[in-house]
Amino acid sequence: DTGVSQDPRHKITKRGQNVTFRCDPISEHNRLYWYRQTLGQGPEFLTYFQNEAQLEKSRLLSDRFSAERPKGSFSTLEIQRTEQGDSAMYLCASGPSETDTQYFGPGTRLTVL
Amino acid sequence: QKEVEQNSGPLSVPEGAIASLNCTYSDRGSQSFFWYRQYSGKSPELIMFIYSNGDKEDGRFTAQLNKASQYVSLLIRDSQPSDSATYLCAVKAPGNTPLVFGKGTRLSVIA
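Line order of the protein sequences matches chains A and B.
Under the working numbering, the first residue of the first sequence is numbered 67, with each subsequent residue one higher.
Under the working numbering, the first residue of the second sequence is numbered 231, with each subsequent residue one higher.
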């Protein structure tokens with residue numbers, strides 16, 4: 067098992083552009099989570115999936131953010147019309163539904179200029 | 231607003247000492263408690279989880295939970311310089327609820 071992987075690891079974009087990140091979870095995990103983390107803060111929950119169903123989405127998440135997990139395996143997180151305030155580390159985690167444990171990927175660091 | 235509070239530190243301990251990291255939470259219905267270690271520039275790594283009141287030991291790490299006091303702690307015995315990192319406490323309520331993280335405590339182990 068190679069763990070959770072994320073792509074890209076770094077992304078620099080200009081304000082107003084759209085970006086998409088990919089997460090590949092640990093294969094036997096049916097839950098997949100997205101978080102955002104800024105400097106000096108803990109990870110902030112964005113959304114999570116159980117298989118292909120999106121079960122929870124943060125009320126703090128603007129309509130510019132969307133996530134999919136079409137076949138219950140990998141997931142994508144898209145941010146439309148990026149703003150400088152979107153600059154952060156975007157973390158993906160996966161875990162089994164039998165427990166609440168979550169294992170994080172390496173993250174995608176987004177910088178919006 | 232469900233909150234998880236941690237002292238931001240830095241907490242400095244000499245090599246070989248016991249490091250004690252503390253966390254309080256506001257949601258009395260919380261049922262799952264986690265400690266993650268995060269090195270600078272890296273993602274969080276799960277090191278301990280605890281569901282029941284009392285102590286849970288794993289190697290040099292001991293997690294302690296007191297639900298009545300809404301308090302969870304992490305003890306690191308024989309601290310090593312490689313333990314220097316930020317330690318994140320995370321708490322989860324039952325059902326389809328997310329993990330709520332504290333801001334983390336920065337630990338520095340001095341050789």
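Ideal placement from N, C-alpha and C gives every residue a C-beta, glycine not left out.
This structure is a prediction, so every number in the text was calculated from the model and none was measured.
- Considering only beta carbons, the part of the stretch 158-174 of chain A lying closer than 7 angstroms to chain B consists of ASP166, THR167, GLN168, TYR169, PHE170, GLY171, PRO172, GLY173, in chain order.
- At a cut-off of 9 angstroms between C-beta atoms, GLU275 of chain B counts as an interface residue with respect to chain A.
- Between PHE263 of chain B and LYS333 of chain B, the C-beta gap is not smaller than 9 angstroms, which leaves the two residues out of contact.
- Minimum Cα-Cα distance from ALA154 of chain A among the listed residues B:SER273, B:GLU235, B:ASP313 corresponds to B:SER273.
- Apart from sequence neighbours up to five positions away, the residues of its chain that approach THR316 of chain B with a beta-carbon distance below 6 angstroms are GLN268, GLY334, ARG336, ordered along the chain.
- When the Cα atoms are used, ILE280 of chain B and GLY82 of chain A turn out to be separated by approximately 43 angstroms.
- When DSSP states are grouped into helix, strand and coil, GLN150 of chain A belongs to the helix group.
- Interface with chain B (9 angstroms Cβ-Cβ cutoff): LEU176 of chain A is excluded.
- Contacts between GLY239 of chain B and chain A, judged by CB atoms closer than 8 angstroms, are missing: the closest CB pair is about 11 angstroms apart.
- Annotation for ASN96 of chain A: GLN116, ASN117, GLY138, PRO162, SER163 place their beta carbon closer than 8 angstroms to its own, counting only its chain and skipping 5 residues before and after.
- Note on geometry: alpha-carbon atoms of THR165 of chain A and LEU143 of chain A lie some 24 angstroms from one another.
- Here the alpha carbon of ARG75 of chain A sits roughly 29 angstroms from the alpha carbon of ASN326 of chain B.
- Check the Cα spacing between GLY246 of chain B and each of B:SER314, B:GLN236, B:VAL302, B:GLY259: the tightest is with B:SER314.
- If you keep only unbroken beta strand (DSSP E) runs of at least 3 residues inside the stretch 284-313 of chain B, you get 284-288, 291-296, 301-306.
- A distance of 9 angstroms or more separates the beta carbons of VAL234 of chain B and SER309 of chain B.
- Of the residues A:TYR101, A:THR79, A:ILE78, the one whose Cα lies closest to the Cα of CYS89 of chain A is A:TYR101.
- For SER262 of chain B, the closest Cβ of chain A is nearer than 9 angstroms.
- The criterion of a C-beta distance shorter than 9 angstroms is satisfied by LEU304 of chain B and PHE291 of chain B.
- Among the residues facing chain A, PHE291 of chain B is not included, as its CB has no counterpart in that chain under 9 angstroms away.
- For the set A:ALA133, A:SER128, A:THR79, A:GLN168, the Cα lying nearest the Cα of GLY69 of chain A is the one of A:GLN168.
- For PRO109 of chain A, the nearest CB of chain B lies under 9 angstroms from its own CB, placing it at the interface with that chain.
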